[in-house]
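Inspection log for the structure reproduced underneath, given as structure tokens.
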Amino acid sequence: MLPVVRAVLGLASFFVVGSALMLLVVKPGTGEFVITVFSLAIGLALGAVAIPLIRMNGRHHH
1 MLPVVRAVLG LASFFVVGSA LMLLVVKPGT GEFVITVFSL AIGLALGAVA IPLIRMNGRH
61 HH
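When the letters of the sequence shown are read in order and numbered with full-length UniProt numbering, they come out as residues 1 to 62.
Written out as structure tokens, the structure is:
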């Protein structure tokens with residue numbers, strides 16, 4: 001796996017896990033909740049980019 005793709009996947013995992021845990025504690029309707037939801041969306045978007053790159057990279061090595 002390319003180092004850049006690995007870094008993006010790690011960052012995506014950090015965003016998703018961190019923001020998912022924060023959603024359990026922040027109150028809806030607050031600024032913290034909005035930022036947490038945006039962080040979750042960013043993490044999911046990064047994951048959606050990284051996973052196809054990993055799959056394409058794996059096909060080229062076979």
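Cβ coordinates follow ideal geometry from the N, Cα and C atoms, glycine included.
Contact under 7 Å by Cβ, residue i with residue j
{"i": "alanine 7", "j": "glycine 47", "result": "no"}
{"i": "threonine 36", "j": "leucine 23", "result": "yes"}
{"i": "valine 25", "j": "phenylalanine 33", "result": "no"}
{"i": "leucine 40", "j": "serine 19", "result": "yes"}
C-alpha distance - residue i paired with residue j, whole-angstrom precision
{"i": "leucine 53", "j": "valine 5", "result": "7 Å"}
{"i": "phenylalanine 38", "j": "leucine 9", "result": "17 Å"}
{"i": "isoleucine 51", "j": "asparagine 57", "result": "10 Å"}
{"i": "threonine 30", "j": "leucine 21", "result": "16 Å"}
Supposed contact pair residue j and residue i - C-beta distance, whole angstroms, cut 8 Å
{"i": "valine 42", "j": "phenylalanine 15", "result": "A small correction: the amino acid at residue 42 is isoleucine; valine does not occupy that position in the sequence shown. Yes, isoleucine 42 and phenylalanine 15 are in contact; Cβ-Cβ is about 6 Å, under 8 Å."}
For the stretch 13-37, list the alpha helix (DSSP H) runs that are entirely contained and at least 4 residues long, ordered along the chain.
none
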